[in-house]
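Number of protein chains: 2
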Amino acid sequence: MDALEVIFTRRSIRKFTGEPVAPETIKTLLEAAMSAPTAAGVQPWRFIVVTDRAMLDAVPAVQPSASMILDAPLAILVCGDTTSETYGSYWVQDCSAAMQNLLLAARALGLGSCWCGIHSRPQREEGIRKLFKLPPEISPLGLAVIGHPAVPFTTKDRYDEAKIRHNVWS
Amino acid sequence: MDALEVIFTRRSIRKFTGEPVAPETIKTLLEAAMSAPTAAGVQPWRFIVVTDRAMLDAVPAVQPSASMILDAPLAILVCGDTTSETYGSYWVQDCSAAMQNLLLAARALGLGSCWCGIHSRPQREEGIRKLFKLPPEISPLGLAVIGHPAVPFTTKDRYDEAKIRHNVWS
Chain A
1 MDALEVIFTR RSIRKFTGEP VAPETIKTLL EAAMSAPTAA GVQPWRFIVV
51 TDRAMLDAVP AVQPSASMIL DAPLAILVCG DTTSETYGSY WVQDCSAAMQ
101 NLLLAARALG LGSCWCGIHS RPQREEGIRK LFKLPPEISP LGLAVIGHPA
151 VPFTTKDRYD EAKIRHNVWS
Chain B
1 MDALEVIFTR RSIRKFTGEP VAPETIKTLL EAAMSAPTAA GVQPWRFIVV
51 TDRAMLDAVP AVQPSASMIL DAPLAILVCG DTTSETYGSY WVQDCSAAMQ
101 NLLLAARALG LGSCWCGIHS RPQREEGIRK LFKLPPEISP LGLAVIGHPA
151 VPFTTKDRYD EAKIRHNVWS
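Chains as they are written, first to last, in my numbering: chain A, 1 to 170; chain B, 1 to 170.
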């Protein structure tokens with residue numbers, strides 16, 4: 001699928017058919033995520049692939065805006081290993097780039113996805129940390145909820161000239 | 001160009017031919033950036049398109065690892081409007097997703113790019129803030145240096161099974 005079309009038609013999808021995502025597809029999603037750039041090449045990301053129904057169903061109690069996960073067969077928790085980080089808060093940027101690659105790869109493979117934010121909302125972080133038994137040095141960034149879409153992909157033109165300046169701000 | 005191929009062959013490019021990037025191409029890059037998801041749809045991003053030679057040449061003095069900009073015809077400074085942000089540090093994630101879209105769109109269009117980090121390294125932030133005359137509420141995230149590549153695109157397999165867990169961390 002064309003790269004620009006993927007970028008322009010990736011939208012948050014919140015309805016899924018429930019059909020499982022094949023293991024080789026999950027591997028491609030993770031390969032895409034790990035193809036993102038990272039500051040100084042440290043690749044501080046860690047991933048938890050969640051397919052267990054009870055684990056998926058337990059998420060909304062700690063991340064209330066992730067209720068679409070109840071219909072989804074898959075979620076990937078993107079985390080950062082804070083001990084591998086040499087550049088302060090770059091782990092958030094690195095893991096966000098990985099997350100975006102993951103969402104775009106999902107779209108390219110005909111899958112819908114929704115990025116559910118966790119960092120930095122302390123209550124959500126705490127709940128996710130307990131649910132997934134994260135050690136202290138592993139920090140949850142966000143959860144990609146993924147599945148075969150039960151709604152069509154659409155586009156939305158978010159281009160806004162007012163958000164662009166040239167050469168200097170003022 | 002195929003989306004997965006773009007994701008897998010996007011690498012940091014640090015040598016450019018100097019050939020200018022066409023205005024319509026710059027617009028496509030910005031459209032791609034603004035197609036990224038943002039928390040609660042707030043789209044806190046702001047962009048400065050830098051094509052002025054003197055401005056480009058002034059960057060390495062404040063961001064020493066951006067020396068490849070001396071050969072590049074274009075840079076796009078990705079910033080966050082911290083006043084538009086309702087969710088604490090989500091602006092970093094939102095702007096990082098926009099940056100990653102921008103880099104992938106560049107690759108899809110045959111352009112090379114390099115993400116030069118600014119946030120959160122206070123000295124770089126300060127220098128970039130002064131150079132681009134940013135107001136206090138505008139925070140620089142990073143600079144995408146962009147141009148026609150003078151080196152071939154390559155791939156690098158960064159897939160690492162050890163960074164993946166299933167259902168719970170432990």
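For every residue, glycine included, the Cβ atom is placed at its ideal position computed from N, Cα and C.
Note that the structure is predicted; figures quoted are calculated from it, not measured.
When the Cα atoms are used, tryptophan 45/B and alanine 106/B turn out to be separated by approximately 18 Å.
In this structure, proline 64/B keeps its C-beta atom at 7 Å or more from the C-beta atom of valine 21/B. DSSP, reduced to helix, strand and coil, places tryptophan 115/A within a strand of the structure shown. About 7 Å separates the Cβ atoms of leucine 104/B and isoleucine 7/A, confirming a contact at the 8 Å cut-off.
Annotation: Cβ neighbours of arginine 158/A in chain B (cutoff 7 Å, chain order): Met34, Ser35, Gln43. Rounded to the nearest whole angstrom, the CA to CA distance from threonine 82/B to serine 12/A is 23 Å. Within chain B, Pro37 have C-beta atoms less than 7 Å from the C-beta of serine 12/A, given in sequence order. One finds nothing in chain A with a Cβ atom closer than 8 Å to the Cβ of leucine 74/B; even the nearest lies about 11 Å away. Of all C-beta pairs linking the stretch 153–163 of chain A to the stretch 27–44 of chain B, three or more are shorter than 8 Å, placing the two stretches in contact. Taking C-beta atoms as the reference points, leucine 143/B and leucine 77/B count as a pair closer than 7 Å. Counting only runs of 4+ residues, the alpha helix (DSSP H) found wholly inside the stretch 19–45 of chain B occupies 23–33, in chain order. Rounded to the nearest whole angstrom, the CA to CA distance from aspartate 57/A to leucine 70/A is 6 Å. Among the residues facing chain A, lysine 15/B is not included, as its CB has no counterpart in that chain under 7 Å away. Any Cβ of chain A closer than 7 Å to the Cβ of glutamate 126/B would place that residue at the interface, and such an atom is absent. Glutamine 123/A sits exposed, since fewer than 16 C-beta atoms from the chains shown fall within 10 Å of its C-beta.
Within chain B, the residues placing a beta-carbon under 8 Å from that of proline 135/A are Trp169, Ser170, ordered along the chain.
Among the CB atoms of chain A, one or more fall inside 7 Å of the CB of phenylalanine 47/B.
One Cα belongs to serine 139/A, the other to valine 42/A, and the distance between them is close to 16 Å.
In the assembly as shown, arginine 14/B is a buried residue. Its beta-carbon has 16 or more other beta-carbons within 10 Å. Between isoleucine 128/A and valine 50/A, the C-beta gap is not smaller than 7 Å, which leaves the two residues out of contact. Residue pairing by DSSP places glycine 147/B opposite Gly112/B in a beta bridge. Contacts with chain A at 7 Å (Cβ-Cβ) do not include leucine 56/B.
The DSSP-derived three-state label of alanine 3/B is helix.
Using a Cβ-Cβ cut-off of 7 Å, alanine 106/A does not count as an interface residue toward chain B, since no Cβ of chain B sits closer than that to its own.
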